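S.K.: First to last, the protein sequences are chains Y and P. When we follow UniProt numbering, the leftmost residue of the first sequence carries the number 1, and every step to the right adds one. When we follow UniProt numbering, the leftmost residue of the second sequence carries the number 1, and every step to the right adds one.
2 protein chains.
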Amino acid sequence: MVATLHDVARLAGVSIKTVSNVIHDYPHIRPATRDRVERAIAELGYTPNLTARSLRSGRTGAIALAVPELGLSYFAELAASVIEAAEEAGAVVLVEQTGGDRDRELDLLRSPRLKMTDGLIFSPLGMGQDDVAHLDVPYPLVVLGERIFDGPADHVTMQNVEAARAATEFLLRSGRRRIAIIGAHEGEVIGSAGLRLRGYREALEDAGIPYDESIIGYTTLWHRANGARCMRELLDRGAEFDAVFGLNDTLALGAMRALQESGRRVPDDVAVVGFDDLDEARYSIPSLTTVDPGQEWIARTAVRTLLERIEDPLAAGPPRLLLAEFSIAERESALAGEAGADAAAPRDARTAISDPA
Amino acid sequence: MVATLHDVARLAGVSIKTVSNVIHDYPHIRPATRDRVERAIAELGYTPNLTARSLRSGRTGAIALAVPELGLSYFAELAASVIEAAEEAGAVVLVEQTGGDRDRELDLLRSPRLKMTDGLIFSPLGMGQDDVAHLDVPYPLVVLGERIFDGPADHVTMQNVEAARAATEFLLRSGRRRIAIIGAHEGEVIGSAGLRLRGYREALEDAGIPYDESIIGYTTLWHRANGARCMRELLDRGAEFDAVFGLNDTLALGAMRALQESGRRVPDDVAVVGFDDLDEARYSIPSLTTVDPGQEWIARTAVRTLLERIEDPLAAGPPRLLLAEFSIAERESALAGEAGADAAAPRDARTAISDPA
DNA sequence: CGGCGAGTCTACAACGTTGTAGTCGTCGTA
DNA sequence: TACGACGACTACAACGTTGTAGACTCGCCG
Chain Y
1 MVATLHDVAR
11 LAGVSIKTVS
21 NVIHDYPHIR
31 PATRDRVERA
41 IAELGYTPNL
51 TARSLRSGRT
61 GAIALAVPEL
71 GLSYFAELAA
81 SVIEAAEEAG
91 AVVLVEQTGG
101 DRDRELDLLR
111 SPRLKMTDGL
121 IFSPLGMGQD
131 DVAHLDVPYP
141 LVVLGERIFD
151 GPADHVTMQN
161 VEAARAATEF
171 LLRSGRRRIA
181 IIGAHEGEVI
191 GSAGLRLRGY
201 REALEDAGIP
211 YDESIIGYTT
221 LWHRANGARC
231 MRELLDRGAE
241 FDAVFGLNDT
251 LALGAMRALQ
261 ESGRRVPDDV
271 AVVGFDDLDE
281 ARYSIPSLTT
291 VDPGQEWIAR
301 TAVRTLLERI
311 EDPLAAGPPR
321 LLLAEFSIAE
331 RESALAGEAG
341 ADAAAPRDAR
351 TAISDPA
Chain P
1 MVATLHDVAR
11 LAGVSIKTVS
21 NVIHDYPHIR
31 PATRDRVERA
41 IAELGYTPNL
51 TARSLRSGRT
61 GAIALAVPEL
71 GLSYFAELAA
81 SVIEAAEEAG
91 AVVLVEQTGG
101 DRDRELDLLR
111 SPRLKMTDGL
121 IFSPLGMGQD
131 DVAHLDVPYP
141 LVVLGERIFD
151 GPADHVTMQN
161 VEAARAATEF
171 LLRSGRRRIA
181 IIGAHEGEVI
191 GSAGLRLRGY
201 REALEDAGIP
211 YDESIIGYTT
221 LWHRANGARC
231 MRELLDRGAE
241 FDAVFGLNDT
251 LALGAMRALQ
261 ESGRRVPDDV
271 AVVGFDDLDE
281 ARYSIPSLTT
291 VDPGQEWIAR
301 TAVRTLLERI
311 EDPLAAGPPR
321 LLLAEFSIAE
331 RESALAGEAG
341 ADAAAPRDAR
351 TAISDPA
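As structure tokens, this is what we get:
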């Protein structure tokens, strides 16, 4: 059996409260008593029962993180950052996967399993703006992503429109004129796909280039496989383009794969840019030009914000919208000049574009 | 305030135990009573307090998963599988990152934070065989990986030696004779690196090919960056080889990247195989031939085994060693025949090699 | 020399739940 | 008619912890 305060107290010949006091560094304890208690703790290998402590205190020291799927690299890197930030703050992270399914997301928000945590960092994918009311939950909540805006909870996210616009402008500056899209969502207005497409259209408009539906590729889940399939469909229907904007990195990488199968050279025939700046984007062949949306900052800010709300649930204040700054990581798949995949050394120039939020 | 059993009981005019009984579908309750209680539950929006339930029952319904880093794709995919398998079994997963650091791993094993979970799935990286005694912990534990064998806990892992040997034999069959290694660990005997290197040496020996230290590349953490750096070092010192065995996929992908920078064609000049069968390996350019080590099975088996031990801590039985079966996923980076990156369609032939454990 | 405050410690209740041991009717059977 | 069995429910304790209220012993000051 595992030792409890009672066991320690009996062995040390004191009350359990004194043992509790020793553990919590209560100042008024005689050195001799403290000593006996500490020896008893060591002898029995006592460690506090956190479940009991949680029941008593109403705090668990754990937070929940809900993402669509850890198999999607963006969410894996996000989870890594969240766990690291939480650990630095002394919290532990319970990770849930929703599969991006609206019903599972709604279930999760109401799940009593959340009672085991002090709050939730939630990255929805299936829910939409119409579900905004469901975010009104009786526990601290921080929302990530672009599915729902102006909700009753704090929201940490990236500047999708501005960043997508910057990525498109980057391609335009390097002389590309027909920029295909991989990963659009039919009829979506907000959501990562909708917002990034909007940035793309704004950039085209400013440059006086008409928006051409025939080079917009649609797909749902942003897996590599879908990026490749989406690109093959564009090619099969004879679309013509000199650049591709993958709405995230995995799509862009899948699309590069399909371009390569079809015999096109990147960036010579087609330039490619992605969005997310995954670690992977540095080592693909060719390396991928992409948008660094500030994921690390988003993770740290989400954790900090959530812990503040947990600490002080009453000093509420209105829900906040926190936006990360972004930059373009310029690499081989979309160089302005001549060099392509044959460049001797990988370039990893970074152009800071936005101001800090 | 959130509703408790007391509130429901008062509203329904029954004792709290009756409410508890209704919740747990205790049979001997009059329909009228059940009805009143259920209406009271709905009216107050009552959900059980899982912390209190845990304290009472001694079970939390959560398991912990400790991995080096979610930024490493292998562990991200492993975590995804573990969380999914746990969810199917009604359990929830708390994820910890150790950074592969021995001290943090040892701390974690003794951490009282584990009191919030019923057991641990542990993938050590810094600990070694000498630390086997530290695995003797007072809670259910399942160990993954290749750092420690014959410990006091159940162990689920892959057939590293056999799989690495099969990968090497695959390269030999396709006519390659000088096979470089990326990712070896100096002096390591067990551990993924040591075991996979052993499989490689066994295959060479069987084929009558001498082991050549000059084409063994060493590196510590298995990041893409290190794979690329390791390959550049081999090239810089003028090593000659017609194939590369990356001891995992990210190393192999980084190495492909460096090969490409140096002007070598894959697989024409150099064939490349990896190990892990990440999703990414299907969409790299060229797609990566690799070992599918049965990660999905490992995750499911680890969860099942852990839950069995939790269910029945007494019916112990001796610690078990469970081995996944593996296969070779044959893709473009190492084809037996002529075709290279120009193949029209991706091949994804799978050769089953091992028998089920 | 009485009393008061500071220091040291203890008893008890409470967090919300569930297991155990009961109470009180009612019905069927001997 | 008496009695046991069973159905429907309740009271209480316990899980291990921490906050609150208080007890007891000093030493010091008035």
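Heads up, the beta-carbon is just placed ideally off N, CA and C, and yes, glycines get one too. All of these numbers come straight from a predicted model, not from anything done at the bench.
1. Could you name the residues of the same chain whose beta carbon sits closer than 8 Å to that of D355(Y), not counting the 5 residues immediately before and after it, in chain order?
2. Are the C-beta atoms of G187(P) and some chain Y residue less than 8 Å apart?
3. Quick one: is S284(P) buried, meaning 16 or more other Cβ sit within 10 Å of its Cβ, or exposed?
4. Please confirm if T98(P) has its CB atom under 8 Å from at least one CB of chain Y.
5. If contacts are defined as beta-carbon pairs under 8 Å, then H185(P) and G199(P) qualify, I think. What distance do you get, rounded to the angstrom?
6. Using a Cβ cut-off of 8 Å, pull out every chain Y residue sitting near V2(P), in sequence order please.
7. Give me the Cα-Cα distance between G254(Y) and V273(Y), rounded to the nearest whole angstrom.
8. Would you call the CB atoms of E38(P) and V14(P) closer than 8 Å?
9. For the candidate residues S174(P), E188(P), L109(P) and T168(P), whose alpha-carbon lies nearest to that of A180(P)?
10. Cα-Cα, which of A52(Y), A40(Y) and I216(Y) is closest to A243(Y)?
11. Could you check where the alpha helix (DSSP H) with E84(P) kicks off and where it finishes?
12. Can you pull the chain P neighbours of S20(Y), defined as C-beta to C-beta under 8 Å?
13. Less than 8 Å between CB atoms is the rule here; does S333(P) satisfy it with respect to chain Y?
14. Ignore the nearest five residues each way along the sequence and tell me which others in A40(P)'s own chain have a CB closer than 6 Å to its CB.
15. Note the first and the last residue of the continuous alpha helix (DSSP H) segment covering M158(P).
16. So, is R147(Y) buried or exposed, given that buried needs 16 or more other C-beta atoms within 10 angstroms?
17. Can you check whether the C-beta of A341(P) is within less than 8 Å of a C-beta belonging to chain Y?
18. Strictly under 8 Å for the Cβ-Cβ distance: is I83(Y) near chain P by that measure?
19. Could you pull out every residue in the same chain whose Cβ sits closer than 8 Å to the Cβ of residue 358(P), ignoring the five residues on either side in sequence?
20. Quick check on S15(P): does DSSP put it in helix, strand or coil?
21. Just to confirm the assignment, what range does the alpha helix (DSSP H) spanning residue 361(Y) have?
22. Looking only at its own chain, which residues have a Cβ that is under 7 Å from the Cβ of A79(P), when we skip the five neighbours before and after it?
23. Using a 10 Å radius around the Cβ and a threshold of 16 neighbouring Cβ atoms, would you call R110(P) buried or exposed?
24. Please report whether the beta-carbon of E77(Y) lies at a distance below 8 Å from any beta-carbon of chain P.
25. Considering D35(Y), what are the terminal residues of the alpha helix (DSSP H) in which it resides?
26. Could you pull the DSSP bridge partners for I63(P) from this structure?
27. Along chain Y, which residues have their Cβ under 8 Å away from the Cβ of G71(P)?
28. Since V270(Y) meets chain P, which of its residues come closer than 7 Å, beta carbon to beta carbon?
29. Rounded to the nearest angstrom, what separates A207(Y) and Q97(P) at their Cα positions?
30. What three-state label does DSSP hand G246(P) in the structure shown?
31. With distance defined between alpha-carbon atoms, name the residue in G246(Y), F122(Y) and E162(Y) nearest to L221(Y).
32. Quick one, which of L323(P), A258(P), F75(P) and L251(P) has its alpha-carbon nearest T290(P)'s?
33. For T18(Y), is the classification buried or exposed, using 16 other Cβ atoms within 10 angstroms of its Cβ as the cut-off for buried?
34. Just the Cα atoms here: how many angstroms apart are T219(Y) and E105(Y)?
35. Are the beta-carbon atoms belonging to L321(P) and Q159(P) less than 8 Å from one another?
36. Skipping 5 residues on each side, what residues in its chain have a beta carbon closer than 6 Å to that of M256(P)?
M.R.: So, to answer that:
1. Residue placement at D355(Y) is flagged as unreliable, the pLDDT there being 39, under the threshold of 50; a coordinate-derived value is accordingly withheld.
2. Chain Y has no Cβ within less than 8 Å of the Cβ of G187(P).
3. Its Cβ being crowded by 16 or more others within 10 Å, S284(P) is buried.
4. No, no contact with chain Y.
5. With 8 Å as the limit, H185(P) and G199(P) do not qualify as a contact, their Cβ atoms being about 14 Å apart.
6. Residues of chain Y passing the Cβ test: P138.
7. Looking at the two C-alpha atoms, the distance is approximately 12 Å.
8. No, the Cβ-Cβ distance between E38(P) and V14(P) is not below 8 Å.
9. Ranking the options by Cα distance to A180(P), first place goes to T168(P).
10. Checking every option, the nearest Cα to that of A243(Y) belongs to I216(Y).
11. For E84(P), the uninterrupted alpha helix (DSSP H) run begins and ends at S73 to E88, by DSSP.
12. Within chain P, no residue has its CB atom less than 8 Å from the CB of S20(Y), the nearest being about 14 Å off.
13. Against chain Y, the CB of S333(P) has no partner CB under 8 Å away; the residue lies outside that interface.
14. Same-chain partners within the cutoff: V8, L11 and A12.
15. Premise fails: M158(P) lies in the beta strand (DSSP E), D154 to M158, not in any alpha helix (DSSP H).
16. Buried: at least 16 other Cβ atoms inside 10 Å.
17. Here the model assigns A341(P) a pLDDT of 36, short of 50, so the residue's position is not dependable, and the following value carries that caveat. Yes, A341(P) counts as interfacial toward chain Y.
18. Answer yes: the Cβ-Cβ gap between I83(Y) and chain P drops below 8 Å somewhere.
19. The structure shown does not extend to residue 358(P), since chain P is modelled only from 1 to 357, so the question has no answer here.
20. Coil, per DSSP.
21. Outside the shown range of chain Y, which is 1 to 357, sits residue 361(Y), and nothing can be said about it.
22. The beta carbon of A79(P) sits closer than 7 Å to those of L65, V67, L70 and V95, all from its chain and outside the five residues before and after it, given in chain order.
23. Only exposed fits R110(P), as fewer than 16 other CB atoms lie within 10 angstroms of its CB.
24. Judged by the 8 Å Cβ criterion, E77(Y) is in contact with chain P.
25. Its alpha helix (DSSP H) spans residues P31 to L44.
26. Per the DSSP secondary-structure output, I63(P) pairs in a beta bridge with V93(P).
27. Here the neighbours are A76, E77, A80 and D279.
28. For V270(Y), there are no C-beta contacts with chain P under 7 Å, since the nearest C-beta of that chain is about 13 Å from it.
29. Inter-residue distance for A207(Y) and Q97(P) is about 47 Å (C-alpha atoms, whole angstroms).
30. Collapsing the DSSP output to three states places G246(P) in a strand.
31. Closest option to L221(Y), Cα to Cα, is G246(Y).
32. Measuring from the Cα of T290(P), the nearest candidate turns out to be L251(P).
33. T18(Y) should be labelled buried.
34. Each residue's alpha carbon lies about 21 Å from the other.
35. No; because the gap between Cβ atoms is not below 8 Å, this pair is not in contact.
36. V266 and V272.
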